[in-house]
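In this note's numbering, the protein residues as written are 1 to 152.
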Amino acid sequence: MKTTFGLLTFLLLITAACQQHSGAREMIDFPESRQWAQNKPKKITLTLKEGGTYNAFVEGSIVYGSQFPSLPMNWELTGTKQRENGTLSLALKNEKGEELGDCTGDVCDVKQALFTGKKMEAGTYTFTLKNTFEFPYFPNIIALGISLEKEK
1 MKTTFGLLTF LLLITAACQQ HSGAREMIDF PESRQWAQNK PKKITLTLKE GGTYNAFVEG
61 SIVYGSQFPS LPMNWELTGT KQRENGTLSL ALKNEKGEEL GDCTGDVCDV KQALFTGKKM
121 EAGTYTFTLK NTFEFPYFPN IIALGISLEK EK
């Protein structure tokens, strides 16, 4: 009996730990050229099944050894009774020129907060990301995305 109770408790704790991330996430892959043109904003639509307080993150996969320290962009959020916008410079390297992402092989994955502690209702939200890099395109980008993570 004690063994069964202990096993069930353990399984319950594991299940709860695995369900900590509630929210939504979507990534956009870039074509073979691995370039994000300034004149091609990216739209990401996410659906939240439940309301609450959320943190939003911009995530990206960049080719290891990017010659640029950051990826500047404008963002806009539209959705259930909400509309806001802002700017973000997705940091790729630190002041010493070292990669900031989690790098494996020739790919570095980066993640940076877009906003934190925002009350959001259940519903559909669209994020529009626009590249504001100083040249016509940002090179060596593999994927870009948004994740919404519910605060505990």
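Idealized CB from N, CA, C, for every residue including glycine. If you're wondering where the values come from, they're calculated on a predicted model, not measured in any experiment.
Kindly identify the DSSP beta-bridge partner or partners of Gln112.
Looking at the DSSP output, Gln112 sits in a beta bridge with Val58.
Count the other CB atoms, across all protein chains shown, that sit within 10 Å of the CB of Gly105; report buried if there are 16 or more and exposed otherwise.
Answer is exposed; the Cβ neighbour count stays below 16.
Determine the extent of the beta strand (DSSP E) in which Asn74 is found, giving its start and end residues.
From DSSP, the beta strand (DSSP E) with Asn74 extends over 70-79.
Contact set for Ala16: own chain, Cβ-Cβ below 8 Å, skip 5 residues either direction
Confidence at Ala16 is low in this model, with a pLDDT of 42, below 50, so the placement of that residue is unreliable and no value is reported for it.
Considering only residues of the segment 115-144, which uninterrupted beta strand (DSSP E) runs meet the minimum length of 3 residues and lie entirely inside it, listed in chain order?
Within the segment 115-144, the runs of beta strand (DSSP E) at least 3 residues long that lie entirely inside it are, in chain order, 123-131, 137-139.
Out of Lys130, Glu149, Asn131, point me to the one whose CA is closest to Gly117's CA.
Selection Lys130, Glu149, Asn131 evaluated against Gly117 yields Glu149 as nearest (Cα-Cα).
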